[in-house]
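Step one of this worksheet: look at the structure below.
Residue numbers (the working numbering): 1383 to 1509.
Rendered as structure tokens:
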């Protein structure tokens, strides 16, 4: 079950969530992971000046998460993508210094994300 209580990260995964340990996960069964993103997106996101956005839409509710790009982003993960409030970078990192973590999402959004019949639309932006 999605709890969205993590205070420093937000994760989107292709996998099915099986435990409460994934408290940063906000969307499962994603069609895309970092390694699937277009090369142009990856290239633009590897700039310290890049602004990266993750727009989450569910049941008419919209949340925007914005962070920074970085030259060290690898976009290696074939399973997931993580927005981080910190500057930590690994193969799962989509953006650093994000303005939100899972715990910062509205509880109305979290309730929508918890329902198994909710269709979730994710939009990624790099500028």
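No residue lacks a Cβ here, since even glycine has one placed at the ideal position from N, Cα and C.
All values reported here derive from a predicted model rather than from experimental measurement.
As computed with DSSP, residue 1395 is found in a beta bridge with 1462. At the C-beta level, residue 1495 and residue 1384 come within 7 Å of one another. Here residue 1410 is not near residue 1390, since their CB atoms are 7 Å or more apart. The beta-carbon distance between residue 1438 and residue 1408, rounded to whole angstroms, is 7 Å. This is short enough to meet the 8 Å contact definition.
Here DSSP, grouped into helix, strand and coil, assigns residue 1409 to strand. For the set 1405, 1446 and 1387, the Cα lying nearest the Cα of residue 1503 is the one of 1446. Excluding its 5 nearest sequence neighbours in each direction, residue 1443 has C-beta neighbours in its own chain below 8 Å: 1488, 1490, 1491 and 1494, listed in chain order.
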